[in-house]
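Written out below as structure tokens is the structure these notes cover.
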């Protein structure tokens, strides 16, 4: 078209060609030639501004078509660039855990979705993880966490599958998730809310398990008596003239069943706690009985060991030896010990004296008893008061300068 205009304007700008009369024609007067000459001059004069117009119009027309083609190309390749950019961004989060993916979806929604004109709520106002109005109803993690929480608490679980690649991905956000009716229903029935991005592998797998075929998707899950979950209501695809009242009516209809299931779960939990308390009391009683039996058995073994130790206790030397004064509480006992024996001999004497197994002189003659298979542990320590020093049972009496050849011993219970 541009070249046609250029051709027409160029043709009008060219001067008229010389006229050659045909044979047998009448000759024209010179006056006519003289009269046509001004017209040719006029054409030449007019052709100059038309050439200027061509020089001005042609770049503008070319620029117009260039911009038109450029804008059309941008409009055509915009979805392709959006998909490329999205998957490039998503590749960086495929290895994140489900909690991080959940936060990514929240950030994406809160930064892009508009507010609901009727309720005045924004997505960030309701679902901000730090101070949103419904943050206590939201749950992080994967689909299994939702099922576990829904089943254990006996609550509805509202799941929303978000697809950012749709032409209008925030339709449900504007018309449902930020509406007054939805907020009141969540608070009234104390529902659990979970968002999922279907472009992630976990989101796509969950959507396939729920047999979702259109996005966006909004559904409500209800726990069953058989520890299974049931999808009681679903909204998917474009909304058109959708009314949230039908969604809320499904929640109201199934709420009585949910309350019955919740009471059953509470009863089962109470029975479990009672059984645990009974088992705990029984276990404590059993441990007390076992401890008493062990104490009785250990007491018998101690008594046998003391009787054996009495039978092998060295007699008091009549002269010489180490003379010690032993303080046993309010009682003071003075006795001689063979200095070639270890201090453990004094420990054994004190243990027998405290168990009241020795006569007043401590020289009872008894036959040697069989040593029981038991390691006796003394429950006291012996010290010399001045200078204060601990008396090691393995040390020989003659080597302990604090008590040899005579000294005082103090008994201290552990």
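Residue numbers (UniProt numbering): 1 to 414.
Note that CB positions come from ideal geometry on N, CA and C, so glycine has one too.
Every value quoted in this text rests on a predicted model; they were computed, and no experiment measured them.
In whole angstroms, what is the alpha-carbon distance linking residue i and residue j?
{"i": "residue 123", "j": "residue 129", "result": "11 Å"}
{"i": "residue 253", "j": "residue 194", "result": "22 Å"}
{"i": "residue 224", "j": "residue 261", "result": "7 Å"}
{"i": "residue 42", "j": "residue 64", "result": "Because residue 42 sits at a pLDDT of 46, beneath the cut-off of 50, its placement in the model cannot be relied upon, and the following sentence gives the value as read from the coordinates. Going by the C-alpha atoms only, they are around 33 Å apart."}
{"i": "residue 99", "j": "residue 136", "result": "Bear in mind that a pLDDT of 47 at residue 99, under 50, signals an unreliable position, so the number given afterwards is only what the model happens to contain. Each residue's alpha carbon lies about 15 Å from the other."}
{"i": "residue 404", "j": "residue 322", "result": "6 Å"}
{"i": "residue 385", "j": "residue 408", "result": "7 Å"}
{"i": "residue 157", "j": "residue 190", "result": "9 Å"}
{"i": "residue 281", "j": "residue 299", "result": "27 Å"}
{"i": "residue 242", "j": "residue 132", "result": "26 Å"}
{"i": "residue 168", "j": "residue 56", "result": "44 Å"}
{"i": "residue 389", "j": "residue 336", "result": "20 Å"}
{"i": "residue 380", "j": "residue 372", "result": "21 Å"}
{"i": "residue 202", "j": "residue 67", "result": "44 Å"}
{"i": "residue 71", "j": "residue 53", "result": "27 Å"}
{"i": "residue 412", "j": "residue 286", "result": "35 Å"}
{"i": "residue 338", "j": "residue 352", "result": "17 Å"}
{"i": "residue 269", "j": "residue 414", "result": "47 Å"}
{"i": "residue 292", "j": "residue 279", "result": "20 Å"}
{"i": "residue 51", "j": "residue 58", "result": "11 Å"}
{"i": "residue 418", "j": "residue 402", "result": "Absent from the model: residue 418. The displayed extent of the chain is 1 to 414, so no value can be given."}
{"i": "residue 284", "j": "residue 290", "result": "10 Å"}
{"i": "residue 315", "j": "residue 406", "result": "18 Å"}
{"i": "residue 145", "j": "residue 234", "result": "20 Å"}
{"i": "residue 320", "j": "residue 394", "result": "22 Å"}
{"i": "residue 45", "j": "residue 76", "result": "Bear in mind that the predicted position of residue 45 carries a pLDDT of just 49, short of 50, making it unreliable; the figure below should be weighed with that in mind. Spanning the two alpha carbons is a distance of roughly 48 Å."}
{"i": "residue 73", "j": "residue 210", "result": "39 Å"}
Nearest by alpha-carbon distance to residue i: which of the options is it?
{"i": "residue 232", "options": "181, 195 and 159", "result": "159"}
{"i": "residue 140", "options": "223, 196 and 65", "result": "196"}
{"i": "residue 163", "options": "132, 135, 220 and 238", "result": "238"}
{"i": "residue 174", "options": "145, 244 and 205", "result": "244"}
{"i": "residue 266", "options": "394, 410 and 155", "result": "155"}
{"i": "residue 308", "options": "67, 153, 234 and 376", "result": "376"}
{"i": "residue 127", "options": "182, 263, 352 and 240", "result": "182"}
{"i": "residue 153", "options": "395, 210, 263 and 121", "result": "263"}
{"i": "residue 330", "options": "410, 273, 295 and 274", "result": "410"}
{"i": "residue 142", "options": "204, 60 and 294", "result": "204"}
{"i": "residue 240", "options": "172, 60, 356 and 125", "result": "172"}
{"i": "residue 184", "options": "274, 230 and 121", "result": "121"}
Assuming residue i and residue j form a contact by the criterion Cβ under 8 Å, report the distance between their Cβ atoms to the nearest whole angstrom.
{"i": "residue 325", "j": "residue 332", "result": "6 Å"}
{"i": "residue 328", "j": "residue 288", "result": "Not a contact, Cβ separation roughly 33 Å."}
{"i": "residue 378", "j": "residue 305", "result": "About 11 Å; that fails the 8 Å criterion."}
{"i": "residue 391", "j": "residue 399", "result": "Incorrect: roughly 11 Å between the Cβ atoms, too far for contact."}
{"i": "residue 188", "j": "residue 220", "result": "Contact flag wrong, Cβ pair sits at about 13 Å."}
{"i": "residue 246", "j": "residue 178", "result": "Actually they are not in contact, since the Cβ atoms of residue 246 and residue 178 sit about 19 Å apart, beyond 8 Å."}
Considering just the uninterrupted stretch of the alpha helix (DSSP H) at residue i, what are its terminal residues?
{"i": "residue 299", "result": "245-311"}
{"i": "residue 220", "result": "Premise fails: residue 220 lies in the beta strand (DSSP E), 217-223, not in any alpha helix (DSSP H)."}
{"i": "residue 182", "result": "180-189"}
{"i": "residue 148", "result": "143-153"}
{"i": "residue 399", "result": "No alpha helix (DSSP H) holds residue 399; DSSP gives it neither H nor E."}
{"i": "residue 408", "result": "Residue 408 -> not in any alpha helix (DSSP H); beta strand (DSSP E) instead, spanning 406-413."}
{"i": "residue 209", "result": "201-209"}
{"i": "residue 123", "result": "123-127"}
Measuring only between beta-carbons, confirm whether residue i sits less than 9 Å from chain B.
{"i": "residue 58", "result": "Given the protein chain composition of this structure (a single chain), no chain B is represented."}
Please state whether the Cβ-Cβ distance between residue i and residue j is less than 9 Å.
{"i": "residue 343", "j": "residue 313", "result": "no"}
{"i": "residue 218", "j": "residue 192", "result": "no"}
{"i": "residue 147", "j": "residue 186", "result": "no"}
{"i": "residue 165", "j": "residue 200", "result": "no"}
{"i": "residue 302", "j": "residue 358", "result": "no"}
{"i": "residue 334", "j": "residue 397", "result": "no"}
{"i": "residue 151", "j": "residue 227", "result": "yes"}
{"i": "residue 213", "j": "residue 236", "result": "yes"}
{"i": "residue 222", "j": "residue 258", "result": "yes"}
{"i": "residue 206", "j": "residue 116", "result": "no"}
{"i": "residue 215", "j": "residue 170", "result": "no"}
Would you mind reading off the limits of the beta strand (DSSP E) that contains residue i?
{"i": "residue 157", "result": "157-162"}
{"i": "residue 333", "result": "331-337"}
{"i": "residue 375", "result": "Here residue 375 belongs to no beta strand (DSSP E), and DSSP marks it neither H nor E."}
{"i": "residue 230", "result": "229-236"}
{"i": "residue 350", "result": "No beta strand (DSSP E) contains residue 350, which is instead part of the alpha helix (DSSP H) from 344-354."}
{"i": "residue 325", "result": "322-328"}
{"i": "residue 197", "result": "192-197"}
Under 8 Å: does the beta carbon of residue i sit that close to some heavy atom of the ligand FAD?
{"i": "residue 277", "result": "Absence of the ligand FAD from the depicted structure is noted, as is the absence of any ligand whatsoever, leaving it without description."}
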